[in-house]
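Residue numbers (the UniProt record's numbering): 1 to 224. Heads up, the beta-carbon is just placed ideally off N, CA and C, and yes, glycines get one too. None of these values were measured; they are calculated from a predicted model. Worksheet: one structure, shown below.
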């Protein structure tokens, strides 16, 4: 961190994004010196955003979400990252954190249908690697945006069933709830809920929702 503060100009935007995504969740965010370093790092990322890969955009978005909750800290960064992602919309091989990126931008630009159409296209090559938390994050993020795609609902349902044994009851319920918001048919939802683990008791479900809300608030809800 000290070296970055003194020699930030030696670091490419990709490295700054990776460092920021790693340290911002654990360092105190109210320290003025740390805030100054973050501001320098994010400014450099914004300036050199055209050097970021899709993975770099994902890392930069995570960094941004941790420290720039209301876009007061680094105005224009969110838009710069969206522009870079759209410049890379035809990239067909690179893997990145599609679920987390979808969550973050659903809070910042939920009406950008072109962006979410691109994220949905990129989704398909990642589904084979998804874990339960990824299904939950992506569906929750997309449900918070305006864009809808029935093919995505079908693909998510198909691949989630393959990983069914790995889902907790709470995660499966959250996944199905988001699919409902995405326009899944009653028949599809009925089948998924029947296949999934039994829903937790109401008291445990409420506790799980409270924990999820606290976790979401720490990482992304404040970006609304």
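Integer Cβ distance of residue 17 from residue 60, believed to fall under 8 Å: Translated into the one-based positions of the chain shown, residue 17 becomes position 17. Translated into the one-based positions of the chain shown, residue 60 becomes position 60. Their Cβ separation, rounded to whole angstroms, is 4 Å, which keeps residue 17 and residue 60 in contact under 8 Å.
In its own chain, which residues sit with a C-beta less than 7 Å from the C-beta of residue 223, not counting the 5 before and 5 after it? By one-based count along the chain shown, residue 223 stands at place 223. With a pLDDT of 49 at residue 223, under the threshold of 50, the modelled position of this residue cannot be trusted; read the value that follows with caution. So the qualifying residues of the chain are 65, 69, 104, 107 and 108.
Excluding five sequence neighbours on each side, which residues of the same chain lie with their C-beta closer than 7 Å to the C-beta of residue 50? Working through the chain shown from its first residue, we reach residue 50 at position 50. Cβ within range, chain order: 84.
In chain order, what residues of the same chain lie with their CB nearer than 8 Å to the CB of residue 131, ignoring the 5 residues before and after it? Taking the first residue of the chain shown as 1, we reach residue 131 at position 131. The residues are 163 and 166.
Compute the distance between the beta-carbons of residue 74 and residue 115, then report whether it is under 8 Å. Reading the chain shown from its first residue, position 74 is the one you call residue 74. Reading the chain shown from its first residue, position 115 is the one you call residue 115. Cβ atoms of residue 74 and residue 115: not closer than 8 Å.
Leaving out five residues before and five after residue 203 in sequence, what residues of the same chain have Cβ atoms less than 8 Å from its Cβ? Numbered from 1 along the chain shown, position 203 holds the residue referred to as residue 203. Low confidence applies to residue 203: its pLDDT is 48, below 50, so where it sits in the model is not reliable enough to give any reading.
Between residue 180 and residue 134, what straight-line distance do the alpha-carbon atoms span, to the nearest angstrom? By 1-based counting over the chain shown, the position of residue 180 is 180. By 1-based counting over the chain shown, the position of residue 134 is 134. About 17 Å.
Continuous beta strand (DSSP E) assignments of at least 3 residues falling wholly in the stretch 98-130: none
Under DSSP, the alpha helix (DSSP H) around residue 64 begins and ends at which residues? For the purposes of this step, residue 64 is taken as the residue at position 64 of the chain shown. Start and end: 54-67.
Could you tell me the boundaries of the alpha helix (DSSP H) in which residue 30 lies? The residue labelled residue 30 in the question sits at position 30 within the chain shown. No alpha helix (DSSP H) holds residue 30; DSSP gives it neither H nor E.
Cutoff 6 Å; reference residue 149; Cβ partners in own chain excluding five residues on either side: Your numbering for residue 149 matches position 149 in the chain shown. Correct list, in chain order: 120.
Distance, Cα to Cα, residue 38 vs residue 67? Along the chain shown, one-based indexing puts residue 38 at 38. Along the chain shown, one-based indexing puts residue 67 at 67. Spanning the two alpha carbons is a distance of roughly 8 Å.
Does the distance from the CB of residue 100 to the CB of residue 137 come in under 8 Å? Locating residue 100 in the chain shown gives position 100, where the first residue counts as 1. Locating residue 137 in the chain shown gives position 137, where the first residue counts as 1. Closer than 8 Å, so yes.
Could you compute how far the alpha carbon of residue 88 sits from the alpha carbon of residue 122? The count along the chain shown starts at 1 and reaches residue 88 at position 88. The count along the chain shown starts at 1 and reaches residue 122 at position 122. Taking the straight line joining both Cα atoms gives about 10 Å.
Whose C-beta lies closer than 7 Å to the C-beta of residue 160 among residues of the same chain, with five residues either side of it excluded? In the chain shown, counting from the first residue as 1, residue 160 sits at position 160. Here the set comprises 135 and 175.
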